[in-house]
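Asks: Starting off with a structure, shown below.
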Amino acid sequence: DYPCLPKRPSGSPEVDGAVALLASVVEVRAKENGVAVPVLASRDDLARLVHGHKGDCELMQGWRCEMVGRELEAIMEGKLAVYVEGGRLCVGER
């Protein structure tokens, strides 16, 4: 018999929505930089970030932080907005 993996608790719709929003930004930055999305940030990394656990999140360290971490933090703080313009996902001040 194989060991059972613990079920990952389902987040609230608000948390799941925040993770999905940040994941969209991560996907764009990963494609721009030729990096595989899971290498840049996992959904678990994004969930930790949404829950305020920046210290133990690889996304907020080193090259990942430079590539997208600071930008995600600014989005969460309301300093940057995520919007669609010309059919493209954009991040910037609005």
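The opening residue of the sequence shown carries number 1 in my numbering; numbering runs sequentially from there.
Just so it is clear, CB atoms sit at the ideal spot from N, CA and C, and this is done for glycine as well.
1. What would DSSP say about Glu77, mapped onto helix, strand or coil?
2. Could you tell me which residues DSSP puts in a beta bridge with Arg88?
3. Given Glu27, which residues of its chain have a CB within under 6 Å of its CB, disregarding the five upstream and five downstream residues?
4. Helix, strand or coil for Glu93? Go by DSSP, reduced to three states.
5. What does a CB cutoff of less than 8 Å around Ala74 pick up in its chain, not counting 5 residues either side in sequence?
6. Thinking C-beta only, is Val19 closer than 8 Å to Val50?
7. From this set, Leu72, Glu32 and Gly86, which residue's C-alpha is nearest Lys54's C-alpha?
8. Can you give me the C-alpha to C-alpha distance between Gly62 and Gly87, rounded to a whole angstrom?
9. Just checking my contact of Arg29 with Val68 at CB under 8 Å: how many whole Å lie between their CB atoms?
Replies: Answer, in terms of the structure:
1. Glu77: coil per DSSP, three-state reduction.
2. Beta-bridge pairing links Arg88 to Glu85.
3. Residues of the same chain with a CB within less than 6 Å of the CB of Glu27, apart from the 5 flanking positions on each side, are Val37 in chain order.
4. Note: Glu93 maps to coil in three-state DSSP.
5. Excluding residues up to 5 positions away in sequence, Leu80 lie with their Cβ nearer than 8 Å to the Cβ of Ala74 in the same chain.
6. Against a cut-off of 8 Å, the Cβ pair of Val19 and Val50 comes out as a contact.
7. Minimum Cα distance to Lys54 is reached at Leu72.
8. Straight-line Cα distance between these residues: approximately 31 Å.
9. Yes, Arg29 and Val68 are in contact; Cβ-Cβ is about 4 Å, under 8 Å.
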